[in-house]
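Sequential numbering from 0 applies to the sequence shown in numbering that gives the first Met the number 0.
Here a beta-carbon is modelled for each residue, glycine too, at the ideal position from N, C-alpha and C.
In this text the structure is predicted, and so the values were computed from the model without any measurement.
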Amino acid sequence: MNPILAFLLRLLLVLLSYMFVGWIGYTIYTDLRKGVFASDQTVIPPIILQTELDGESQSKRFTIPEITLGRNPASDFPINDETISLIHCKLSYHHKQWWVEDLDSTNGSYLNNTQIKSPVVLTNSDELRLGQVLITIDFN
0 MNPILAFLLR
10 LLLVLLSYMF
20 VGWIGYTIYT
30 DLRKGVFASD
40 QTVIPPIILQ
50 TELDGESQSK
60 RFTIPEITLG
70 RNPASDFPIN
80 DETISLIHCK
90 LSYHHKQWWV
100 EDLDSTNGSY
110 LNNTQIKSPV
120 VLTNSDELRL
130 GQVLITIDFN
């Protein structure tokens, strides 16, 4: 075989090998980019909490992934009632659903008149009772 032809074939093989490795690296890079940006683009559906205290209606719309409810003024949804703990419960959005979890409150949390003992999925028009306060859940 002609030495020049053998050299050209070896050179072509080396170039194709580098192209193949580059293609694998590029594919991995684009897949990782898609995965990182896909998790950043998670859209949290809004949730509206409505309650009535002392004859006046209180309603608030949230689009954050975690909401704390309680008597503490620093809570995301503060409720001034003696039957509610400082940090009574929390609502969180994960696995594409809204969940409610009691945070060891004194008087307990109830979803549709069932005591919450572990995190529970919320649905539209659910009624959440914290102490003596009734909160209506609405997804919009």
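Original post:
How many angstroms separate the CA atom of Thr135 from the CA atom of Gly24?
Top reply: 51 Å
Subject >> Closest by C-alpha distance to Lys116, when choosing among Trp97, Cys88, Pro45 >> reply: Cys88
Original post:
On the premise that Asn106 lies in contact with Leu85, defined as a C-beta separation below 8 Å, what is that separation, rounded to the nearest angstrom?
Top reply: In fact, because the Cβ distance is near 12 Å, the residues do not count as touching under 8 Å.
Subject >> DSSP three-state assignment for Arg128, whether helix, strand or coil >> reply: strand
**OP:** Measure the Cβ-Cβ separation of Lys59 and Leu48 and say whether it is below 9 Å.
**Re:** A contact, by the Cβ cut-off of 9 Å.
Original post:
Which residue or residues does DSSP assign as beta-bridge partners of Glu55?
Top reply: Leu52
Subject >> Given Tyr109 as reference, the closest of Tyr92, Asp75, Lys95, Gln131 once Cα atoms are compared >> reply: Gln131
Subject >> Supposed close pair Trp98, Ser91 - CB separation, criterion 8 Å >> reply: About 5 Å separates the beta carbons of Trp98 and Ser91, which is inside the 8 Å limit, making them a contact pair.
Subject >> Complete alpha helix (DSSP H) runs within the stretch 62-130 (minimum length 4 residues, chain order) >> reply: none
Original post:
With DSSP run on the structure shown, which of helix, strand or coil describes Ile43?
Top reply: coil
Original post:
Whose C-alpha, out of Tyr28, Pro45, Asp101, is nearest the C-alpha of Thr67?
Top reply: Among Tyr28, Pro45, Asp101, the Cα nearest to that of Thr67 belongs to Asp101.
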